[in-house]
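J.: After the structure tokens below, expect a handful of questions from me.
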Amino acid sequence: MTKVGDVVLVYMDNNPTFFARVDEISADVKPGWFNVKLLVLQVPLLVATWILREPYYNGQEFTMGGRPMRIEKVIAPAEEHSQTEPEDTRKSPAKPELVVHKKQKEEKTGKQSKVISISDHRKKDPE
């Protein structure tokens, strides 16, 4: 069941088209219909209010201008937690590990990286 604050994926012509956050659901003047205010998550942000029946914003297909539409609630995937390692002994993030690998590579080859200033290699403007 979709509610205020949920993120939804909107399908047009059976193709995923955009993500939106449900900002408000309020009764319309017509019985059984609702004003569903969506914050379309794109650049720039867009606010749209659609008049829909409850089954429509809960996943049932409907048409808009003759085009098939569907709104599905997005369920975030569950985070995977390692059951074998306690939280204190987990490995450090990926970036520091990559730095360690680079240092190990330098030790094996005996070469060290050198920083070169781009400003030293620019063409000088004639004065």
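Residues in the sequence shown are numbered from 3 upward in steps of one, following this note's numbering.
Beta carbons are placed, not taken as given, at the ideal position from N, Cα and C, and that holds for glycine.
(1) Got a sec? Which residues, its chain only, sit under 7 Å from residue 1 by beta carbon, not counting five neighbours each side?
(2) What residues in its chain sit with their C-beta under 7 Å from that of residue 3, if we drop five residues either side in the sequence?
(3) Determine the extent of the beta strand (DSSP E) in which residue 78 is found, giving its start and end residues.
(4) Tell me the residue span of the beta strand (DSSP E) that contains residue 66.
(5) Between which two residues does the beta strand (DSSP E) containing residue 25 stretch?
(6) Taking Cβ to Cβ, would you say residue 40 is nearer than 7 Å to residue 50?
(7) Using alpha carbons as the reference points, say which of 22, 32, 47, 74 lies closest to residue 55.
(8) Have a look at residue 82 and residue 35 and give me their C-alpha separation to the nearest angstrom.
(9) At the level of alpha carbons, what is the spacing between residue 68 and residue 21?
(10) Using a Cβ-Cβ cutoff of less than 6 Å, which residues in the same chain neighbour residue 97 once the five nearest sequence positions on both sides are dropped?
(11) Can you tell me which of the three DSSP states residue 101 falls into?
(12) On the criterion of 16 or more Cβ atoms from any shown chain inside 10 Å, does residue 76 qualify as buried, or is it exposed?
T.: In terms of the structure at hand:
(1) For residue 1 there is no data in the structure shown, the boundaries of the chain being 3 and 129.
(2) 60
(3) Unbroken run through residue 78: none, as it is neither H nor E.
(4) 64-66
(5) 17-29
(6) yes
(7) 32
(8) 40 Å
(9) 21 Å
(10) Bear in mind that a pLDDT of 47 at residue 97, under 50, signals an unreliable position, so the number given afterwards is only what the model happens to contain. Excluding residues within five positions, none has a Cβ falling inside 6 Å.
(11) Reliability of the predicted coordinates at residue 101 is poor, the pLDDT of 47 falling under 50, and the value obtained from them is presented with this limitation in mind. Looking at residue 101 - three-state DSSP - the assignment turns out to be helix.
(12) exposed
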